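One structure is given here, and the rest of the page talks about it.
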Amino acid sequence: MSQMYFTEDHEWLSVEGETAIVGITDYAQQQLGDVVFIELPDEGKDLVQGGQAAVVESVKAASEVYSPVSGTVTAVNADLEGAPALVNEDAMGAGWFFAVAMIDPTELDNLMDQDGYDAFVAGLE
Amino acid sequence: MRYLPLTDDDRRAMLDVIGAASVDDLFRDVPRAAWNAANPDLPDHAGEIEVERALAAIARKNLDCGAAPCFLGAGAYRHHTPAALDYLIQRGEFLTAYTPYQPEVSQGTLQTLFEFQTQVALITGMDVANASMYDGATACAEAAAMAARITKRKRILVSGSVHPHYASVTATQLQFTGLEVEVLPPDPLAMEDLLGRVDEDLACLIVQTPGFFGHLRDVTGLADALHEMGALLVVAVAEPLSLGLITPPGAMGADIVVAEGQSMATPPSFGGPGVGLFATRSKYVRQMPGRLCGETVDVDGRRGYVLTLSTREQHIRREKATSNICTNSGLIALAFSIHMTLLGEAGFTRLAEINHARAVDLAGRLGQIKGVRVLPPTFFNEFAVTLPKPAAEVVEALAARGILGGVPVSRFHPTYPELVEVMLVAATEMNTDADVDALVDALKEIL
Amino acid sequence: MVDTITGNQALQIEQPLIFEQNEPGRTAVDLPAPTVQEDRLGTLRRKTPVGLPGLSEPQVVRHYTRLSQKNYGIDSVFYPLGSCTMKHNPRLNEKMARLPGFADIHPFQPDSTVQGALELMDTLAHWLKELTGMPAVALSPAAGAHGELCGLMAIRAALEARGDARKVVLVPESAHGTNPATAATCGYEVESIPGDGNGRVSLAGLKDKLGPHVAAFMITNPNTCGLFEGEIVEISQAVHDAGALVYMDGANYNAIMGRVKVADLGIDAMHINLHKTFSTPHGGGGPGSGPTVLSDALAPFAPLPFVVHGPDGFRMVEHARDAGEGQQPFGRMKGFHGQFGVFVRALSYMMSMGKDGLAQASGDAVLNANYLHARLKGSLSASYEGPVMHEALFDDRFLKDTGVSTLDFAKAMIDEGFHPMTMYFPLVVHGALLMEPTETESKQTLDAFCDTLLALADKARAGDAADWFKSAPRHTPRRRLDEAQAARKPVLRWSPPSEG
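Rendered as structure tokens:
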């Protein structure tokens, strides 16, 4: 059973064992509007927590996506290249960005859970 | 004053609405130290008659190319432009429009940009082109920076065949970016070893064809060697008309092609404004600088055009943009595009043939003058010659006879003694048999 | 949606691409057959057709005439695009630039044959230096952003010449995007300076960021909120005290020309957009020209080439070794000698206006902007108190709860025969609407514009009109275009049908 975590930069993280799948939240895709392009990291790239990992672009904006945890990229969502709209349609599922083999599970302590994130978003509006 | 519609009555009425005592009162945030401190040493306003008279007097101090046999090139070429061209670019809806940020009221500009991008891609043999850069030299600098972004490497190598202005603009523009630009010495005999300099640190090699001294270069082998090392080939073209007759860079493996479009767009106008052409492979499009126009549909499903992939640009990406360029050379791009449309396939290729034939004829005639040697074995419409005297002196002597005979290479490379006697000579469809006779006769006298 | 058989609507005619009008072999030029002789192409003769379409002259003229009719331009409509200075483009400028002695001269003619061209550049430089009070000007930058690069490169060269490697350029958050992009092109890191809450730079916030690592502060003045930075002298002093230099973005110089001596503001460099301030046409995106005035501290580092005047007349200096004692040019920014054709147009305008006319023009530009501000602020939400300078900034508070956005409001203006104002810039206010009328609009035009905007605002607030706004524009050759599709599946050129 996977566990969900969230960041203040509106990334989500689904953790199962030592693998984490990363995407942007539904709130984030709504703010961006129509997503037109996603620049994903190369497989095998080493990421550090809080470091830039990807870029997501709408027509009028480009936003950096930061890695919520440190580790190595083990997979990227190749479907996004031909169908960036997946991020708008299913941000929390088919619109995932990349998977990371985590090296330090204690980093998860810095992240929010679903209730924490919901409260964080409510505070923004 | 003819450009100002407000009357004094208007101004008083408007100040009343605003609630200000005077126009000066509206400037109250300006520090007094700088207020009207300028009482500039400048004249007051003047009517059209006076301005025309004064500027025409200045213009008459120049020897214009229409009044002299002219064989000048070196990156700026004089071609005939059909009368319809200048009429069309002066239509106010083209001339006085801004960048097409509101596509519903800019479909005219946008469709012409889409056609321009296609024409540039076709002549260069590349996949895609942007909506223009300032000129060929700055486009060359942007290509080097783009190659560094793509390869994530820092070293740029510039061949001695590249126009010295393109090379120095590239070196200048990149000097503070952490990239290394190495410009090879001028290469009048096309002898430089480029293959031996290709290595795994190289981001790109920049070559020009036809080269600055005239040579045509088959860069296919270079492209292969560069690609094997993970580096890119940038090809600069200073005379786009050449692409009507010679194999385009795209067919020889170029990754980025930059060109100066002036020759097909506008009179030389002392070198500006021109228009930078910039084309590349589809896979690199997101690393391109400058604006791009793309096709889409409107809410009623009708085909239309918009500026697109804007997230590369400074107004969105700010310090992470692919370039700082904003204003480009839109109207000259339009002029280029209209001229290409007027020429069409038949006209463009024939005009290129005429230029080449004229240059071959001129080279034959000059080569028969004692002490004159044509350097490049292959060329398009321009070639270097060696003279038995310093070229700058010969050019002055020709000018004194009312002939604009060539460009002394020492003007670009004053520190190379071996180039003192080298002159560039260009021939176009504007040159008559009488022009060639005049040049040949004058040279015989001078040399 | 149109209901005609052709899809045309009277003057609005559907026009296919030139490639769709192709008839192979057709051309709009009659050229003689080339004389046949041996070629000197080696192995490089083109082996494949270029692929250009063939059209005749009447087709070409009609094609571009019809396309032109799908554009708004200053010639046809009020174009209050903030920060873009869309003033009237006098046709005298065009006529002068086409004199054979200006248009038909080659950049590499001997200096002795282009004394007039060199004189014209020298005269333009004189006007720019006199107007600004600055001691030097680099004419070669090709546009505003290129002028910014010129100024920052001169700053960096000057700092490096004194052995002072600094890493950071400070930029206000309200700045145009070219400012941070230019700083990055010059190898600097960019740090943002907050505003003071009243649309201006916070002097205290700036002082907090200043330090030995700061190379320069870039400030737009009048700024992008349409306000004059009244503390500019103190700002320049603070920047200089920290050992850094001041770049003033002169994009909005139209508000102050002939009235403010920018040298007395304490700045070190400023570009001037000849294509805005001095009335040369924007041409659907260029060409521009961005001469950059420089202080005594930066003048020695001005780029090549430049014109000097000597005993034998004017001379073009193209190499550092000819630049004169103490000169250390940082390099060359552009091929040839700069945007000469734009210089001619700008000088034609300057001579027409004179120093009295330029001062009258900046006064009228500011008066017109304040008039818009005064007439609209009771209904639209003005972001800041006046007086404003050359442009008036509004935000979208007046549209709150109407369901109408800044974009919708702007698109409705199109149907009313106005080009929209600048939208969503500057970023420091929400849903920005930035209006710059310029001095070449009459009071009648401004009144018609204000009456229209006030009526549109009333309509938005009345409710039930959100759909009407969202479906605007309705009377244009194309209605709202799908920008997401354009970016997701870029189609950047025409391809023959067989290639898909």
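Residue numbers (my numbering), protein chains in the order written: chain A, 100 to 224; chain B, 725 to 1171; chain C, -4 to 495. Ideal Cβ positions, reconstructed from N, Cα and C, are used throughout, including at glycine. The structure displayed is predicted, hence computed values, not measured ones.
Below 8 Å, can you find three or more Cβ-Cβ pairs linking the segment 106 to 116 of chain C to the segment 331 to 350 of chain C?
Result yes; three or more Cβ-Cβ pairs closer than 8 Å.
Exposed or buried, lysine 350/C, counting other C-beta atoms within 10 Å across all chains shown (16 or more means buried)?
Lysine 350/C is buried by the Cβ-count criterion.
Compare the C-beta of lysine 144/A against all C-beta atoms of chain B and say whether one is closer than 8 Å.
It does not; no Cβ of chain B falls within 8 Å.
Of all Cβ atoms in chain A, is any one closer than 8 Å to the Cβ of valine 1160/B?
Not an interface residue.
Take every Cβ of the segment 1026 to 1036 of chain B, pair it with every Cβ of the segment 891 to 898 of chain B, and state whether three or more of those distances are shorter than 8 Å.
Counting Cβ pairs under 8 Å, fewer than three are found: no touch.
Under the rule that 16 or more other beta-carbon atoms within 10 Å means buried, what is arginine 726/B, buried or exposed?
Arginine 726/B should be labelled exposed.
Is the distance from the Cβ of phenylalanine 1104/B to the Cβ of serine 1006/B below 8 Å?
Cβ atoms of phenylalanine 1104/B and serine 1006/B: not closer than 8 Å.
Taking CB distances under 8 Å as the criterion, tell me whether isoleucine 1040/B reaches chain A.
Answer yes: the Cβ-Cβ gap between isoleucine 1040/B and chain A drops below 8 Å somewhere.
Relative to the C-alpha of alanine 199/C, which residue among Val209/C, Glu436/C, Ile188/C and Pro85/C is closest?
Taking only the C-alpha atoms, the option nearest alanine 199/C is Ile188/C.
Does any CB atom of chain A fall closer than 8 Å to the CB of serine 1006/B?
Taking Cβ atoms only, chain A never reaches closer than 8 Å to serine 1006/B, which makes this a no.
Are there 16 or more other CB atoms within 10 angstroms of the CB of valine 303/C, so buried, or fewer, so exposed?
So valine 303/C ends up on the exposed side.
Taking only three categories from DSSP, how would you classify alanine 461/C?
The answer is helix: DSSP assigns alanine 461/C an H, G or I state.
When you check each C-beta in the segment 164 to 197 of chain A against every C-beta of chain B, which residues fall closer than 9 Å?
Going along the segment 164 to 197 of chain A in chain order, one finds no residue with a Cβ nearer than 9 Å to chain B.
Leaving out the 5 sequence neighbours to the left and right, which residues in its chain are closer than 8 Å to histidine 1063/B when beta-carbon positions are compared?
Taken in chain order, the residues that qualify are Thr805, Pro806, Leu809, Met988 and Ala989.
Does the beta-carbon of histidine 277/C, which I'm using as the reference point, lie nearer than 7 Å to any heavy atom of the ligand HEM?
Of ligands this structure carries none, so the ligand HEM is not represented either.
Just confirm the distance between the C-beta atoms of alanine 457/C and valine 399/C, as a whole number of angstroms; I'd bet it's less than 8 Å.
The pair is not a contact, with the Cβ atoms about 11 Å apart (cut-off 8 Å).
Please classify glycine 495/C as buried or exposed, where buried requires at least 16 neighbouring CB atoms within 10 angstroms.
Any answer about glycine 495/C is weak, because its pLDDT of 45 lies below 50 and its placement is not dependable; what the coordinates show is given next. Answer is exposed; the Cβ neighbour count stays below 16.
What residues in its chain sit with their C-beta under 6 Å from that of glycine 221/C, if we drop five residues either side in the sequence?
Counting only Cβ-Cβ distances below 6 Å, and skipping sequence neighbours, we find Val383, Met384, Glu386, Ala387 and Leu388.
Spatial neighbours of valine 981/B within its chain, please: CB distance less than 7 Å, with the 5 preceding and 5 following residues excluded, ordered by chain position.
Thr848, Met850, Val959, Val961, Pro973, Gly974 and Ala1003.
Would you decide whether glycine 305/C is buried or exposed? Buried here means 16 or more other CB atoms lie within 10 Å of its CB.
Under this definition glycine 305/C is an exposed residue.
Using CA coordinates, which residue listed in Leu36/C, Gly172/C, Arg151/C and Arg473/C is at the minimum distance from glycine 182/C?
The shortest Cα separation from glycine 182/C among Leu36/C, Gly172/C, Arg151/C and Arg473/C belongs to Arg151/C.
Would you decide whether asparagine 218/C is buried or exposed? Buried here means 16 or more other CB atoms lie within 10 Å of its CB.
By the neighbour-count rule (16 or more Cβ atoms within 10 Å), asparagine 218/C is buried.
Name the DSSP beta bridge partners of proline 140/A, please?
Proline 140/A is not bridged to any residue.
How do the segment 24 to 40 of chain C and the segment 60 to 79 of chain C stand: do at least 3 beta-carbon pairs fall below 8 Å, yes or no?
Flag = no, the segment 24 to 40 of chain C and the segment 60 to 79 of chain C do not touch.
Which of the residues in the segment 472 to 493 of chain C, read from start to end, lie with their CB under 7 Å from any CB of chain B?
Here the close residues are Pro472, Arg473, Arg474, Arg475, Leu476, Asp477, Glu478, Gln480, Ala481, Ala482, Pro485, Val486, Leu487, Arg488 and Trp489.
Report the partner residues of histidine 266/C according to the DSSP bridge assignment.
Paired residues: Thr287/C.
Which chain C residues sit within Cβ distance under 8 Å of lysine 876/B?
What lysine 876/B touches in chain C: nothing, since even the nearest Cβ is about 17 Å away.
Using CA coordinates, which residue listed in Val24/C, Ala364/C and Lys395/C is at the minimum distance from leucine 429/C?
Closest by alpha carbon: Ala364/C.
Step through the CB atoms of chain B and report whether any lies within less than 8 Å of the CB of alanine 153/A.
Alanine 153/A does not count as touching chain B.
For leucine 123/C, which three-state DSSP category applies?
Correct three-state label for leucine 123/C: helix.
Pull up the CB-CB distance for alanine 481/C and glycine 1018/B, whole angstroms please, since I reckon it's below 8 Å.
Right, the Cβ-Cβ distance comes to about 4 Å (below 8 Å), so this counts as a contact.
Give me the chain B residues within the contact set of alanine 161/A, using Cβ-Cβ distance strictly less than 7 Å, ordered along the chain.
Under the 7 Å cutoff, chain B gives Thr1035, Ile1040 and Arg1041.
Among the candidates Ala5/C, Gln4/C and Phe14/C, whose CA atom is the shortest distance from the CA of arginine 488/C?
Of Ala5/C, Gln4/C and Phe14/C, the residue nearest in Cα terms is Phe14/C.
Going by the beta-carbon positions, is the gap between glycine 1130/B and leucine 1143/B smaller than 8 Å?
Contact: no.
For proline 421/C versus serine 169/C, is the C-beta spacing smaller than 8 Å?
Cβ atoms of proline 421/C and serine 169/C: closer than 8 Å.
Which residue or residues does DSSP assign as beta-bridge partners of serine 313/A?
No information on residue 313/A is available, as it lies outside the stretch 100 to 224 that chain A covers here.
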